Structure formats: C-alpha cells, structure tokens
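Quick note on numbering: the sequence shown equals residues 7 to 242 in the working numbering.
To start, the structure itself, in structure tokens.
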Amino acid sequence: MKMQLWGENAQKRWRRERPFSFWIEEPEMTSSEDQEWAAASIDPSSLEEAKGAIVAGCRLFLERLDRLEGGLVRVRTAEDVNRFSRALSMYLLASLPLKSETCPFCIQHSGGNRCQGCGYAKTHGGRCDADASAFGQLIEAVYKLAEDLHKIRDDTSVFGINLDMGRERLKASIGGSREAAEMLMVAIPEAAVSELMEAKRGYIEAVLKALPADLIGSLEVEMSLEEVLAKLEGYW
C-alpha cells in the first residue's frame, strides 16, 4: 500500500510542474531577522486556523498510533518485523504536518492570488514549487524516501533480526512518535507564528528520527532519510 502525503491530484500537479531532481540550487539559510519579518505578516486568524488543523491532525495521529501499537501482537516473525517497519514508516511520513492547511502562510495567501506577498516564499527560496524553495526541496526529499520505502519487496536476506528486539524497536518508534505529537500539542496553544514553525520543525525531526529505518535493511532508505533531515534544516 502506497500512502500519499498529499491528495492524488495535488501530487500529480506537483510532479508535472516540478520534475524530480536533487541537482538544484540549495536555498540560503534564512536569518532570524528574516523569519521574524515573515512571521509578522501573518494575521491571528491564519495562525489560529493552522493551529487547529495541526491539533486535529495530532489527535488522529495519536489514535492511529494506539491501533498500530495494538497490532504489534501480530508481529510473530522477522518478516513481520520488516513489513511492519515499512508500513509504520510510510504512515509516519504521510502524517507529517506538511499540508497547506497546517501552514499559516499558505492559509493567508490562498485563493486567486496564491503566494502573492507570502513572507515564507520571500525568505525561504521562493514559492514552494520553485527549485530554490526550502519547503519544496524538503517535500521532494520526503517523496523520495517514501518511494524508496514503497519499492522494497520482501527479501529473506535482510530478515536476520531478533524478533523480541525487533518488536521492542517498533514499540519504541511508536512511543517516540507519540511523545513528539503530545509535546507539539502542548506547545501550540500559546505559540506565536515563529514559535509554531519552530515547533513543527522540531516535531518533524523527532518523527523522522523515530522511523525504524534500521529494521528495514535498505541503505537507500537510510541515505534518503539523511537527505530529508538535511533538507529540514532549511525549513524554518
């Protein structure tokens, strides 16, 4: 099962408008002054709408993590550990708060003149579909990681893992993701724009580091995960 980060139509439009490539200009690191200028342009209503979407997403995320943890009782073989690791990783990626409804900048600048005057675009490499966009490069890296996970097929040569240790590692991955979501929900209510973006960045990093990539047995996946973490540095 291939989980999507955005809707199918949005993903197709992204692919059409922006060919997949990592050989593109790196965005310059944004100064704290630039970030504060961009944050100051956001209306309170846009900020609150983004907060609401993030909190709703976290609640659903926590509910599904509980169900996933309950499913660990059905992990009975090393093969099950590997398959569960891939499924969990895909779910964690698909649940990252990277959709437009979780971004106060996207909320404020949606509509007929989309992206016109967006402070994030002006300070982070341009529109999100621009080659130099910090967000665009992060999304591409996430898609690449998801594709690397999806194309893996069962291979008995990578299943030499202790079953009990594997289950404990999966439980730790779920627990780490749960803790990150709970911390994000605590940070959101009183957060200003810049604080919200910082909290999102920290949450995304924590979830990425919780991915059980070590149980998947793919060097390509591990390298793609490192690429996502590297691109995340320029997110905010």
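Where is the CB? At the ideal position from N, CA and C, for every residue including glycine.
From a predicted model like this one, the values you see are computed outputs, not experimental measurements.
Whole-angstrom C-beta distance between residue 108 and residue 166, which should lie under 8 Å: That pair is no contact at about 40 Å.
DSSP state of residue 57 mapped onto helix, strand, coil: When DSSP states are grouped into helix, strand and coil, residue 57 belongs to the helix group.
Cβ neighbour criterion (16 or more within 10 Å) applied to residue 110: Buried.
Between the CA atoms of residue 141 and residue 113 - distance to the nearest angstrom: Put simply, the backbone Cα of residue 113 is about 15 Å away from that of residue 141.
Burial state of residue 88, where buried means 16 or more other Cβ atoms lie within 10 Å: Buried.
Collapsed DSSP secondary structure at residue 239 in the structure displayed: Annotated three-state conformation of residue 239 is coil, per DSSP.
Top-ranked residue by Cα proximity to residue 192, from 61, 52, 150, 41: Out of 61, 52, 150, 41, 61 has the C-alpha closest to the C-alpha of residue 192.
Buried versus exposed, by CB contacts within 10 Å (16 or more), residue 156: Exposed, since its Cβ has fewer than 16 Cβ neighbours within 10 Å.
Coil, strand or helix - residue 110 by DSSP: In the three-state scheme derived from DSSP, where H, G and I count as helix and E and B as strand, residue 110 is classed as helix.
The region 221 to 239 touching the region 65 to 82, judged by at least three CB pairs closer than 8 Å: The region 65 to 82 and the region 221 to 239 do not touch, with fewer than three beta-carbon pairs separated by less than 8 Å.
Which of helix, strand or coil DSSP assigns to residue 76: Of the three classes helix, strand and coil, the one that applies to residue 76 here is helix, per DSSP.
Residues near residue 71 by beta carbon distance below 7 Å, same chain, minus five either side: Excluding its 5 nearest sequence neighbours in each direction, residue 71 has C-beta neighbours in its own chain below 7 Å: 180, 183, 184, listed in chain order.
Cβ neighbour criterion (16 or more within 10 Å) applied to residue 41: Answer is buried; the Cβ neighbour count reaches 16.
Whole-number beta carbon distance between residue 202 and residue 56, since they are thought to touch under 8 Å: About 7 Å separates the two Cβ atoms, so the contact holds.
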